[in-house]
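Sequential numbering from 624 applies to the sequence shown in the numbering used here. For glycine and all other residues, C-beta sits at the position ideal for the given N, C-alpha and C.
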Amino acid sequence: MNSVIKGRVWRFGDNIDTDIIIPGRYLRTFSLDELASHVMEGIDPEFASKVRKGDIIVAGRNFGCGSSREQAPVALKHAGVSAIIAESFARIFYRNAINIGLPVIMADVDAEDGDEIRADLREGVIENITRQKKYRMKPFNDYMLSILEDGGLVKHYLRTLGVSEEDEG
Numbered sequence: 624m625n626s627v628i629k630g631r632v633w634r635f636g637d638n639i640d641t642d643i644i645i646p647g648r649y650l651r652t653f654s655l656d657e658l659a660s661h662v663m664e665g666i667d668p669e670f671a672s673k674v675r676k677g678d679i680i681v682a683g684r685n686f687g688c689g690s691s692r693e694q695a696p697v698a699l700k701h702a703g704v705s706a707i708i709a710e711s712f713a714r715i716f717y718r719n720a721i722n723i724g725l726p727v728i729m730a731d732v733d734a735e736d737g738d739e740i741r742a743d744l745r746e747g748v749i750e751n752i753t754r755q756k757k758y759r760m761k762p763f764n765d766y767m768l769s770i771l772e773d774g775g776l777v778k779h780y781l782r783t784l785g786v787s788e789e790d791e792g
């Protein structure tokens with residue numbers, strides 16, 4: 624993963640809870656494709672068919688509130704979402720997202736559906752290319768970037784131990 628993320632925006636408001644992200648009735652599946660096919664169904668039933676690899680969610684306050692279901696960030700990442708920018712996140716959602724290698728960025732960004740966003744995680748700059756506006760964010764430190772680059776905390780830990788994915792089973 625590069626420290627620069629660029630993608631098309633999907634705009635959502637405040638208090639997007641985990642039941643909106645992935646409704647509870649789909650939590651019995653172990654299929655990532657099945658989970659991703661229902662992502663954001665609670666607010667936009669067509670989202671899963673419209674989202675493309677590399678797209679970015681921009682939201683308001685308290686993104687990922689509600690239950691601590693780990694499937695919420697997993698479904699977003701598997702659907703192709705490359706990052707989430709929000710004014711604030713529920714703590715457990717934030718941790719779950721980082722743990723699976725999905726960048727979550729705290730910033731108040733003016734953006735609408737379809738805008739093009741570029742976020743430099745190392746430099747701490749977000750640019751809405753469409754609206755020609757720049758925003759500051761707290762830069763990610765090298766440790767956090769290495770977790771994201773490795774694809775999440777478990778993969779990062781295994782890499783630091785010198786264990787390849789083939790070795791694990």
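Item                                                                                                        : Value
Where Y780 falls, given that 16 or more other Cβ within 10 Å makes a residue buried                         : exposed
R675 versus G630 - alpha carbon distance                                                                    : 9 angstroms
Closest by C-alpha distance to R714, when choosing among P696, I628 and F763                                : P696
Neighbour flag for L784 against chain E, beta carbons, 8 angstroms                                          : Looking at the structure shown, chain E is missing, and only one protein chain is on hand.
Extent of the continuous alpha helix (DSSP H) to which K761 belongs                                         : Run containing K761: none; DSSP gives neither H nor E here.
Outcome for G752 when other beta-carbon atoms lying within 10 angstroms are tallied against a minimum of 16 : In the sequence under discussion, the amino acid at residue 752 is Ile, which differs from the Gly named in the question. I752 is exposed by the Cβ-count criterion.
DSSP-derived helix/strand/coil call for M663                                                                : coil
Inter-residue Cα distance where the pair is R718 and E735                                                   : 26 angstroms
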